[in-house]
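Chains as they are written, first to last, in our numbering: chain C, 120 to 349; chain D, 120 to 349. For each residue, glycine too, the CB sits at the ideal point set by N, CA and C. Predicted, not measured: the structure shown is a model, and the values here were computed from it. A quick write-up on the structure given underneath.
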DNA sequence: GTTTTCATCTCGAAC
DNA sequence: GTTCGAGGTGAAAAC
């Protein structure tokens, strides 16, 4: 990985045409050839970038470029003929570092994991509830969980990390379908999430859907096999 | 902006829980307090990050941490109680740089601009064509351009930077509507883009929609008022 | 302030 | 290979 702090001007031509006026910025050149240009704010998104696969060619400034104060011109070529031209004026820092291949991110707490934990502990959703099956199939896709309450009535459960309106809409569509199945009889709905936004809760309750806020850490504590971190 | 190359382990807890095993990475701390951790590949997305507003606190490693080989522990706190803990073992590089406020990106060639240029030069789309109006309203949204050919027939034009299938579908819906309007009579369709993907072209032609590849630079050259770069 | 839409979205999985 | 949908989406515009 090469880190360069330099006065630079950048011109991108590809899906759109964009221009960065001359200013001091960070230029990152990674081992896969990819390039990104960062300002001194915003963690996530670079000002400009070129995703791999791409190639970088560097050349000294010539003629009018030199007169304009430039010292080097880098040209990055990507797929589809996208180009990123980086015109450097003054280089304040330039260092390279061997990093090796990253072992990669381990994600936990994704919706699938939450669903698995709830499937193992359906009593969290309601006393005496039992799991019928995960990913119960319908014509428009699988319902996250189908459970039964102690009276034998079916309950469709939609699981989200953060409960918003679209999740309620999704569950509503499933319920419409499930309720047409005479084998299931009346089906209740439960919207389960770690956090439920106020307007999602209002919409759910208006439609007779119960809301359950899930304590993820407590669920994890119930199941030792889930202790995969550390 | 502070650049740190270090052996580090990272733990994020917020919208999800994620863990990065110990490895050599780049840690970027920007002037707005935001933090991002990069591996040696991929230009766009960091492995982990904390968006501003957030605060970083640094402390020396203690007790068991020291025995585990750690030297420093950084804790980044964001909104909603999100936390990013960066445990550093060996620091290979650490430098800070004053960058100042970036003048910002100037975007050109966006769809709106392409549409404006074509509106000024409808003859680019077909000999003798004239513009009826931009953003011609329909019940499902405005059509980019409505033109007339020399024979007086109407032509609906959909403008995209890169022509893909969804653009053809969009134009098809507009044409369906426009053709029901007896005042317009038969309406032809034109799909105009800087680049048209083969499968989009096939679909368009199959539906009797003409495809026009637009030379953006040539269009810009026609209009001096558009010389906003440099 | 909240909500919706856009993005050079990126990225992975399903088909 | 293409298509679809999620993302710790982020960020800007609209309301």
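From the options, pick the residue whose C-alpha is nearest to that of residue i; which is it?
{"i": "residue 211 of chain C", "options": "C:124, C:323, C:316 and C:333", "result": "C:124"}
{"i": "residue 303 of chain C", "options": "C:330, C:335 and C:255", "result": "C:255"}
{"i": "residue 263 of chain C", "options": "C:334, C:270, C:252 and C:273", "result": "C:252"}
{"i": "residue 152 of chain D", "options": "D:177, D:233 and D:235", "result": "D:177"}
{"i": "residue 137 of chain D", "options": "D:330, D:317, D:266 and D:168", "result": "D:168"}
{"i": "residue 305 of chain C", "options": "C:215, C:268, C:133 and C:139", "result": "C:268"}
{"i": "residue 335 of chain C", "options": "D:296, D:214, D:122 and D:135", "result": "D:135"}
{"i": "residue 307 of chain C", "options": "C:319, C:285, C:317 and C:323", "result": "C:323"}
{"i": "residue 332 of chain C", "options": "C:310, C:298 and C:141", "result": "C:310"}
{"i": "residue 297 of chain C", "options": "C:284, C:266 and C:325", "result": "C:266"}
{"i": "residue 220 of chain C", "options": "D:295, D:284 and D:140", "result": "D:140"}
{"i": "residue 281 of chain C", "options": "C:259, C:316, C:257 and C:294", "result": "C:316"}
{"i": "residue 121 of chain C", "options": "C:215, C:238, C:341 and C:209", "result": "C:215"}
{"i": "residue 301 of chain C", "options": "C:162, C:185, C:319 and C:273", "result": "C:273"}
Residue i CB to nearest chain C CB: under 8 Å?
{"i": "residue 344 of chain D", "result": "With a pLDDT of 49 at residue 344 of chain D, under the threshold of 50, the predicted position of this residue should be treated as unreliable, though the coordinate-derived value follows. It does not: the Cβ of residue 344 of chain D has no partner Cβ on chain C nearer than 8 Å."}
{"i": "residue 240 of chain D", "result": "no"}
{"i": "residue 143 of chain D", "result": "yes"}
{"i": "residue 136 of chain D", "result": "yes"}
{"i": "residue 225 of chain D", "result": "yes"}
{"i": "residue 237 of chain D", "result": "no"}
{"i": "residue 125 of chain D", "result": "no"}
{"i": "residue 255 of chain D", "result": "no"}
{"i": "residue 329 of chain D", "result": "no"}
{"i": "residue 231 of chain D", "result": "no"}
{"i": "residue 303 of chain D", "result": "no"}
{"i": "residue 122 of chain D", "result": "yes"}
First and last residue of the beta strand (DSSP E) that includes residue i?
{"i": "residue 333 of chain C", "result": "Element bounds for residue 333 of chain C: n/a, residue is neither H nor E."}
{"i": "residue 180 of chain D", "result": "From DSSP, residue 180 of chain D is part of no beta strand (DSSP E); its letter is neither H nor E."}
{"i": "residue 277 of chain C", "result": "273-282"}
{"i": "residue 215 of chain D", "result": "202-215"}
{"i": "residue 189 of chain C", "result": "Segment: none, residue 189 of chain C is in no beta strand (DSSP E) and carries neither H nor E."}
{"i": "residue 252 of chain C", "result": "249-255"}
{"i": "residue 155 of chain D", "result": "154-157"}
{"i": "residue 147 of chain C", "result": "136-148"}
{"i": "residue 173 of chain D", "result": "Per DSSP, residue 173 of chain D belongs to no beta strand (DSSP E) and is neither H nor E."}
{"i": "residue 121 of chain C", "result": "121-132"}
{"i": "residue 226 of chain D", "result": "225-227"}
{"i": "residue 218 of chain D", "result": "Residue 218 of chain D -> no beta strand (DSSP E), and no H or E assigned at all."}
{"i": "residue 267 of chain D", "result": "262-267"}
Mind checking if residue i is an interface residue toward chain D, Cβ cutoff 8 Å exclusive?
{"i": "residue 172 of chain C", "result": "no"}
{"i": "residue 155 of chain C", "result": "yes"}
{"i": "residue 140 of chain C", "result": "yes"}
{"i": "residue 279 of chain C", "result": "no"}
{"i": "residue 337 of chain C", "result": "no"}
{"i": "residue 319 of chain C", "result": "no"}
{"i": "residue 151 of chain C", "result": "yes"}
{"i": "residue 159 of chain C", "result": "yes"}
{"i": "residue 311 of chain C", "result": "no"}
{"i": "residue 258 of chain C", "result": "no"}
{"i": "residue 341 of chain C", "result": "no"}
{"i": "residue 323 of chain C", "result": "no"}
Over what stretch of residues does the alpha helix (DSSP H) that includes residue i continue unbroken?
{"i": "residue 325 of chain C", "result": "317-325"}
Considering only heavy atoms of the ligand HEM, does any lie closer than 7 Å to the CB of residue i?
{"i": "residue 241 of chain D", "result": "With respect to the ligand HEM, the structure shown offers nothing to examine, as it has no ligands at all."}
Does the segment 224-240 of chain D come into contact with the segment 136-150 of chain D, if we say contact requires no fewer than three beta-carbon pairs (one atom in each stretch) closer than 8 Å?
Result no; under three Cβ-Cβ pairs closer than 8 Å.
Do three or more CB pairs link the segment 128-144 of chain C to the segment 189-206 of chain C at distances below 8 Å?
yes
Pull out every residue of the segment 166-199 of chain C whose Cβ sits closer than 8 Å to any Cβ of chain D, in chain order.
Residues of the segment 166-199 of chain C with a C-beta less than 8 Å from any C-beta of chain D: 166, 167, 168, 169, 170, 171 and 199, listed in chain order.
Counting pairs of beta carbons, one from the segment 289-304 of chain D and one from the segment 266-279 of chain D, are three or more of them closer than 8 Å?
yes
Please name the residues in the segment 208-221 of chain C whose beta-carbon is closer than 9 Å to at least one beta-carbon of chain D, in chain order.
211, 212, 214, 216, 217, 218, 219, 220 and 221
Taking contact to mean at least 3 C-beta pairs separated by less than 8 Å, is the segment 158-176 of chain D in contact with the segment 240-250 of chain D?
Touching, no, given that fewer than three Cβ pairs across the two stretches are closer than 8 Å.
Give me the subset of the segment 267-292 of chain D whose CB atoms are less than 9 Å from a CB atom of chain C, sorted by chain position.
280 and 281
Within 8 Å, do at least three Cβ pairs link the segment 194-201 of chain D to the segment 166-175 of chain D?
yes
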